[in-house]
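Reading through the structure tokens given below for one structure.
Numbering (the numbering used here), first residue to last: 739 to 972.
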């Protein structure tokens, strides 16, 4: 059996895996245990009461967190004419059509988000095998295929997170950095949960948000008592 590091031993001693923590206590615990030499992300896992095997119960979307994610996001946009100019003005790092597609085919992918205007999808469609496996393929469900590319760029820069349940019906995403004020992390989490509730499939029955856990990049998951979360309780 692998030997536990000193750091993991401390985490195991501090985190009670059988307990659901008040959100304020959970955040304080994450901050206390975040001893990595970099600014760790604070991630969330939300177990949903859906049947992920059924396409009409899958949950996918995007929302802008009120306090952002703390990450610097580089955006590539497929657009032409006025849309291309608007994307540049909004802060997109890369804007183009066939020329941008050629860069990507060569493996030049210095970006985190890809946005496309609907008329550009004829070009983007050629890149499915490259962008798809990396989770970068533009999709109207998450607002990355849109006639308003400037707004999409601004949202991406402002801290938009995209979410999609995995095969077990769990959403994994980020709600900020460990150096964020506790109130900002809590408000980001509440905002995400509100978005998830709005995205609830009509076919999903029973308890929808079954479990909420937060963790840092290098830390253990801490289960959150949902009764202290207004987005779930209301």
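Virtual Cβ for every residue (Gly too), placed ideally from N, Cα, C.
Relative to the C-alpha of residue 846, which residue among 832, 858 and 801 is closest?
Position 108 of the chain shown, counting from 1, holds the residue named residue 846. Checked all of 832, 858 and 801; the closest Cα to residue 846 is 832.
Can you list, in chain order, the stretches of the alpha helix (DSSP H) that have 4 or more residues and sit fully within the region 883-924?
887-896
Looking only at its chain, what residues have a beta carbon closer than 6 Å to the beta carbon of residue 941, apart from the 5 residues adjacent to it on each side?
To locate residue 941, count along the chain shown from 1; it is residue 203. Only 794 and 795 meet the Cβ criterion.
What are the uninterrupted segments assigned as alpha helix (DSSP H) that are 4 or more residues long and contained completely in the region 936-966, given in chain order?
none
Among all the DSSP beta bridges, which residues are the ones paired with residue 834?
Counting from 1 along the chain shown, the entry for residue 834 is found at position 96. DSSP, once it has assigned bridges, lists 816 as partnering residue 834.
Would you say the region 876-891 touches the region 760-771, given that touching needs at least three Cβ pairs under 8 Å?
no
Any chance the region 780-800 sits against the region 897-910, with 3 or more Cβ pairs inside 8 Å?
yes
Out of curiosity, what's the CA-to-CA distance linking residue 912 and residue 819?
Taking the first residue of the chain shown as position 1, residue 912 is located at position 174. Taking the first residue of the chain shown as position 1, residue 819 is located at position 81. The straight-line gap from Cα to Cα measures roughly 34 Å.
Compute the distance between the beta-carbons of residue 770 and residue 956, then report whether it is under 8 Å.
Reading the chain shown from its first residue, position 32 is the one you call residue 770. Reading the chain shown from its first residue, position 218 is the one you call residue 956. In this structure, residue 956 does not lie closer than 8 Å to residue 770 by Cβ.
Residues in the same chain with beta-carbon distance under 7 Å from residue 926, minus the five sequence neighbours each way, listed in chain order, please.
As a working mapping, residue 926 is identified with position 188 in the chain shown. Closer than 7 Å at Cβ, skipping near neighbours: 803, 804, 805, 913 and 914.
Compare the C-alpha of residue 808 against each of 824, 781, 822 and 876 and name the closest.
As a working mapping, residue 808 is identified with position 70 in the chain shown. Nearest C-alpha to residue 808: 781.
Alpha carbon to alpha carbon, how far is residue 812 from residue 822? Give it in angstroms, no decimals.
On the chain shown, position 84 is the one that residue 822 refers to. On the chain shown, position 74 is the one that residue 812 refers to. Computed Cα separation, rounded: 16 Å.
Alpha carbon to alpha carbon, what distance is there between residue 837 and residue 862?
If you number the chain shown from 1, residue 862 lands on position 124. If you number the chain shown from 1, residue 837 lands on position 99. So the alpha carbons of these two residues sit roughly 11 Å apart.
Comparing alpha-carbon positions, which option in 867, 922 and 947 lies nearest residue 903?
Within the chain shown, residue 903 is the residue found at index 165, counting from 1. If we check each option's Cα against that of residue 903, 947 comes out closest.
The alpha helix (DSSP H) that contains residue 860, what's its start and end?
Position 122 of the chain shown, counting from 1, holds the residue named residue 860. Where residue 860 is concerned, the enclosing alpha helix (DSSP H) starts and stops at 859-862.
Thinking C-beta only, is residue 817 closer than 8 Å to residue 858?
As a position in the chain shown, residue 858 is number 120, starting the count at 1. As a position in the chain shown, residue 817 is number 79, starting the count at 1. Contact flag set, yes.
Short of 8 Å in beta carbon distance, which residues of its chain neighbour residue 712, apart from the five on each side in sequence? Order them along the chain.
The requested residue 712 does not occur in the structure, where the chain is confined to residues 739 to 972.
Can you list, in chain order, the residues of its chain whose CB lies under 7 Å from that of residue 824, leaving out five sequence neighbours each side?
As a first step, residue 824 must be located in the chain shown, where it is residue number 86. The residues are 887 and 888.
Please say whether residue 853 and residue 882 have beta carbons closer to each other than 8 Å?
Here residue 882 is taken as the residue at index 144 of the chain shown, counted from 1. Here residue 853 is taken as the residue at index 115 of the chain shown, counted from 1. Closer than 8 Å, so yes.
Identify, in the order they occur along the chain, each residue of the same chain with its Cβ nearer than 7 Å to the Cβ of residue 880, setting aside the five sequence neighbours on each side.
Locating residue 880 in the chain shown gives position 142, where the first residue counts as 1. Contacts found: 798, 799, 800 and 900.
Any heavy atom of the ligand MG within a distance shorter than 7 Å of the CB on residue 952?
This structure does not include the ligand MG; it has no bound ligands of any sort.
Taking all protein chains shown into account, decide if residue 815 is buried (16 or more other Cβ within 10 angstroms of its Cβ) or exposed.
By 1-based counting over the chain shown, the position of residue 815 is 77. Looking at its Cβ environment, which holds 16 or more other Cβ atoms inside 10 Å, residue 815 is buried.
Please report the Cβ distance between residue 830 and residue 868, rounded to the nearest whole angstrom; I am assuming they are in contact, meaning their Cβ atoms lie under 8 Å.
For this step, residue 830 is matched to residue 92 along the chain shown. For this step, residue 868 is matched to residue 130 along the chain shown. Rounded, the Cβ-Cβ distance is 19 Å, inconsistent with contact.
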